[in-house]
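In terms of UniProt numbering, the sequence shown is residues 1 to 380. Remarks on the structure that follows.
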Amino acid sequence: MVFYVKQGVMPESRHTYEDRNKLRREELFGEESFDGPYSLLYHIHEPTRVKKFISKEIQKETLDDSPYSHRHLKTSDIPRNGTIIDGKVTILMNDRIKVQILKPEKNTMDFYRNGIYDMLLFVHNGKGKLISVLGDIEFGPRDYIYIPKGLTFRIECSKESYFLIFQSKDDITLPRRYLNLYGQIKEGSPYYTRNIRVPILQKPKDETGNYQVFVELDNNMVIEERDYNPLDVEGWDGYLYPYAINTDIMAPIVGKIHMPPPVHETFSSRSMMVGTFLPRKFDFNSKSIPISYYHNNIDVDEFLFYSSGNFMSRKGIEPGSVTLHVRGIIHGPQPGAVENAIGKEGTDEVAVMIETYDHLFLTKKGKEIEDPDYSKSWFQ
């Protein structure tokens, strides 16, 4: 839930009508049954009108069985493939979360709906448009795009587009500590309400034809064959919708000495915390060591996606690199990094972090792009 949005035409009161001869078809689109955030959508056609359902089994992600260790994955080695529907490559996962890379090789006119997971996309490269029943959102490099589970949409994007995707069975929200009692984003947070870009509702498409909606349900894809365009919404209001926010306008929090990763939190769910490391001034104590501690992640696994800039605590890192530092095994700056950090006044890095409360497992697809020597990089 972010803030209330109202677009298009609708009755004065919910679940009422204005003209019996021209009824709008009211859909309640919500999470957590009837207890979570929701929006009301007003369709021209009945949203239940489906000619045919086709069920296809999705190939299940298989886990790698190599030993438990820190890892470096080179996602730039993943080839282009498919679309948002079938091109997502899962590299890490657990029972609540999937971490994926998408490098689509084409656009599609077919629609997609994730029936199980909230989705959070980070645009590493490229630009385009999210086209949904609630409206359009244009996006570009370093945008986050939040897509709630159950939303019908498609994506048009440029040929160089490259996305990091988190899928979460638990709702992805703004961190509660950033919100006041009234739901406003508080002063001192890294972004503000006006930085959030909501979908812009387009003129409804009252069109007939052959349309497909691919609904992903864990290991099955259900294809809805429809005889009308799903983009037939005349109006909607509520608190559940996709939105985008660009990291360039965020204000990273800095301090006199090293600030811990939670101060860079951007989103949260019950199963993970999402943080963003951004260009910023370093610590202003004259004798500060502006680099992370050596540390164990006793209760979390730590994932980092390196998007751009100089990552001075890591050697061998490139744009598109992923590191996974697992709980219980110490890690931190590599040899020489602490000495090199002293006296540095800032960083130009852009990196996305998640900390997961359950262990993240490497998939066989992830194993294919692993740097096998990374776990030895602290011993020189």
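A virtual CB, placed ideally from N, CA and C, is assigned to each residue, including glycine.
Per DSSP, the bridge partner or partners of residue i
i: residue 143; result: 246
i: residue 326; result: Per DSSP, none; premise fails for residue 326.
i: residue 281; result: 346
i: residue 33; result: Residue 33 pairs with nothing; no bridge assigned.
i: residue 54; result: 223
i: residue 3; result: Answer is none; residue 3 lacks a bridge partner.
i: residue 114; result: 216
i: residue 331; result: 295
i: residue 185; result: 179
i: residue 166; result: 99 and 120
i: residue 43; result: 25 and 233
i: residue 138; result: 129
i: residue 63; result: 363
i: residue 92; result: 99 and 362
i: residue 276; result: 352
Under the three-state DSSP convention, the category residue i falls into
i: residue 337; result: helix
i: residue 211; result: strand
i: residue 152; result: coil
i: residue 375; result: helix
i: residue 297; result: coil
i: residue 127; result: coil
i: residue 254; result: coil
i: residue 107; result: coil
i: residue 228; result: strand
i: residue 74; result: strand
i: residue 367; result: helix
i: residue 176; result: helix
i: residue 48; result: coil
i: residue 83; result: coil
i: residue 198; result: coil
i: residue 266; result: strand
i: residue 193; result: helix
Closer than 8 Å to chain B by CB, residue i
i: residue 358; result: The question asks about chain B, but that chain is absent: this structure has only one protein chain.
With 16 other Cβ atoms within 10 Å as the buried cut-off, status of residue i
i: residue 189; result: buried
i: residue 262; result: exposed
i: residue 15; result: exposed
i: residue 109; result: exposed
i: residue 295; result: exposed
i: residue 29; result: buried
i: residue 307; result: buried
i: residue 372; result: exposed
i: residue 17; result: exposed
i: residue 320; result: buried
i: residue 214; result: buried
i: residue 348; result: exposed
i: residue 159; result: exposed
i: residue 101; result: buried
i: residue 176; result: exposed
i: residue 13; result: exposed
Among the options, nearest to residue i - alpha-carbon criterion
i: residue 68; options: 233, 84 and 360; result: 360
i: residue 140; options: 257, 8, 154 and 123; result: 123
i: residue 225; options: 18, 111, 324 and 60; result: 111
i: residue 136; options: 59, 104, 33 and 204; result: 204
i: residue 163; options: 183, 104 and 36; result: 104
i: residue 334; options: 92, 70 and 180; result: 70
i: residue 323; options: 91, 258, 280 and 13; result: 91
i: residue 277; options: 256, 298 and 303; result: 303
i: residue 327; options: 370, 97 and 301; result: 301
i: residue 33; options: 6, 51, 150 and 11; result: 150
i: residue 233; options: 253, 375 and 39; result: 39
i: residue 337; options: 83, 228 and 378; result: 378
i: residue 165; options: 63, 87, 211 and 201; result: 87
i: residue 79; options: 375, 374, 376 and 369; result: 369
heavy atom of the ligand ADP below 7 Å from residue i C-beta
i: residue 338; result: For the structure depicted, the ligand ADP is absent and the ligand set is empty, with no information on it obtainable.
Are the region 315-323 and the region 284-297 in contact at 8 Å, needing three or more beta carbon pairs? Because the criterion of three Cβ pairs below 8 Å is not met, the region 315-323 and the region 284-297 do not touch.
Contact the region 266-277 vs the region 160-175: 3+ CB pairs below 8 Å: yes
Under 8 Å, with one C-beta from each stretch per pair, do the region 346-356 and the region 50-57 reach the 3-pair mark? no
Is the number of C-beta pairs between the region 144-163 and the region 230-247 that are closer than 8 Å three or more? yes
For the pair the region 191-207 and the region 245-261, tell me if three or more CB-CB distances fall below 8 Å. yes
Between the region 119-133 and the region 154-161, can you find at least three pairs of beta-carbon atoms closer than 8 Å? Yes, they touch.
Please determine if the region 114-121 and the region 39-51 are in contact, where contact requires at least 3 C-beta pairs separated by less than 8 Å. no
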